[in-house]
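Below is one structure; the comments refer to it alone.
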Amino acid sequence: MTAGVDQATQAGSSGRAYLLLAFTALCWGGNAVLGRMAVGEISPMALVTARWLGVSVLLALFAHRHLRRDWPALRPHLFLVTSLGVLGFTTFNALFYVAAHYTTAVNIGIIQGSMPMIVLLGVFLAYRTRITGLQAIGAAVTMTGVVIVGSGGSLARLAALAVNFGDLLMLGACVLYAGYTVALRKRPASSALGLFAVMAFAAFVASLPLVFAEASLGQFQWPTTKGMI
Numbered sequence: 000m001t002a003g004v005d006q007a008t009q010a011g012s013s014g015r016a017y018l019l020l021a022f023t024a025l026c027w028g029g030n031a032v033l034g035r036m037a038v039g040e041i042s043p044m045a046l047v048t049a050r051w052l053g054v055s056v057l058l059a060l061f062a063h064r065h066l067r068r069d070w071p072a073l074r075p076h077l078f079l080v081t082s083l084g085v086l087g088f089t090t091f092n093a094l095f096y097v098a099a100h101y102t103t104a105v106n107i108g109i110i111q112g113s114m115p116m117i118v119l120l121g122v123f124l125a126y127r128t129r130i131t132g133l134q135a136i137g138a139a140v141t142m143t144g145v146v147i148v149g150s151g152g153s154l155a156r157l158a159a160l161a162v163n164f165g166d167l168l169m170l171g172a173c174v175l176y177a178g179y180t181v182a183l184r185k186r187p188a189s190s191a192l193g194l195f196a197v198m199a200f201a202a203f204v205a206s207l208p209l210v211f212a213e214a215s216l217g218q219f220q221w222p223t224t225k226g227m228i
């Protein structure tokens, strides 16, 4: 009886994990489209700052108990945690939204699809973790699927894609985010919400010099009504 309950619980947990992974993939795809839609509606650094300011405010309202409880565990690792926020959130988003000004959502999606492969390579280089055949196949299938969807299954459309400055920025963003993902293994023992709250606030603070630089160069743009949405 107990074994049956354990198996059912494990199956339920696995099912939720797959649903969350599918939802994450959907969010990544939507982010590429929304990043392109934001072009001309709000400047890139303004978008990064607004995004992490909003997230920080929401977490301050709803996650303050988690943060207070987790602070003793987070404080000794504050440099690591804030660095993760700057690398994985601020820098990635900044490169992502600037790239959207120079390339298409299709190109962004295809390059973003390479991230699992980059993460696998990063884990191997950092921790000498063996890459299994199944993991390699899974990453290859993911990349193939992204390419097929992005090109509409048309070889002619795929061949017509050209590498541009935005693609290079997007590739750099993916490498940085893969580095963030690999470094997460070193995160302190705390709740995910408490950890995310500190990283989000660090991302907001780190975005301020970028938005000030954008303004000093005359590139700052307040969001239009569409940009706010």
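Start counting the sequence shown at 0; every next residue gets the next number (numbering that gives the first Met the number 0). Built from N, CA and C at the ideal position, the CB exists for glycine as well. Values in this document were obtained by computation on a predicted structure and should not be read as measured data.
Best match in the options for proximity to residue i [C-alpha to C-alpha]
i      : options                           : result
Pro71  : Leu194, Leu207 and Ala212         : Leu194
Thr81  : Ile130, Phe203 and Leu60          : Phe203
Ala196 : Met44, Ala45 and Arg67            : Arg67
Ala159 : Val105, Thr180 and Ala212         : Val105
His100 : Ser42, Phe219, Val56 and Val140   : Ser42
His65  : Phe219, Leu192, Ala188 and Gln220 : Leu192
Gly121 : His63, Tyr176 and Pro187          : Tyr176
Ile107 : Cys173, Pro187 and Pro115         : Cys173
Met169 : Gln218, Trp221 and Phe91          : Phe91
Tyr179 : Ala98, Met114, Leu60 and Tyr96    : Met114
Gly137 : Leu119, Phe123 and Leu167         : Leu119
Lys276 : Phe219, Ala155, Leu73 and Ser215  : This structure cannot settle anything about residue 276, because the visible part of the chain is limited to 0 through 228.
Leu167 : Val97, Ala155 and Leu133          : Val97
Three-state secondary structure (DSSP) of residue i
i      : result
Ser153 : coil
Phe95  : helix
Phe219 : coil
Tyr176 : helix
His63  : helix
Phe112 : The sequence shown places Gly at residue 112, rather than the Phe named in the question. Coil at Gly112, not helix or strand.
Glu40  : coil
Val4   : Caution is warranted here: a pLDDT of 45 is assigned to Val4, below 50, making its placement in the model unreliable, and the coordinate value is therefore given only provisionally. It is helical.
Gly187 : One point to set straight first is that residue 187 is Pro, not Gly, in the sequence displayed. Correct three-state label for Pro187: coil.
Val210 : helix
Ala45  : helix
Ala182 : helix
Tyr101 : coil
Leu124 : helix
Ile136 : helix
Ile107 : helix
Thr131 : coil
Ala201 : helix
C-beta contact flag for residue i and residue j at 7 Å
i      : j      : result
Trp51  : Ser206 : yes
Met142 : Gly112 : yes
Ala201 : Gly84  : yes
Leu94  : Gly171 : yes
Ala45  : Val162 : no
Val146 : Ile117 : no
Inter-residue CB distance, residue i and residue j (contact presumed, cutoff 8 Å)
i      : j      : result
Thr102 : Val47  : That pair is no contact at about 18 Å.
Ala212 : Ser55  : Not really, about 20 Å apart at Cβ, beyond 8 Å.
His76  : Pro187 : 4 Å
Glu40  : Pro208 : 23 Å between Cβ atoms; not a contact.
is_contact[residue i, chain C] using C-beta, thresh 7 Å
i     : result
Ala98 : Of the chains in the structure shown, none is chain C; there is only one protein chain.
Would the stretch 151-171 count as touching the stretch 120-129 if we require 3 or more Cβ pairs under 8 Å? no
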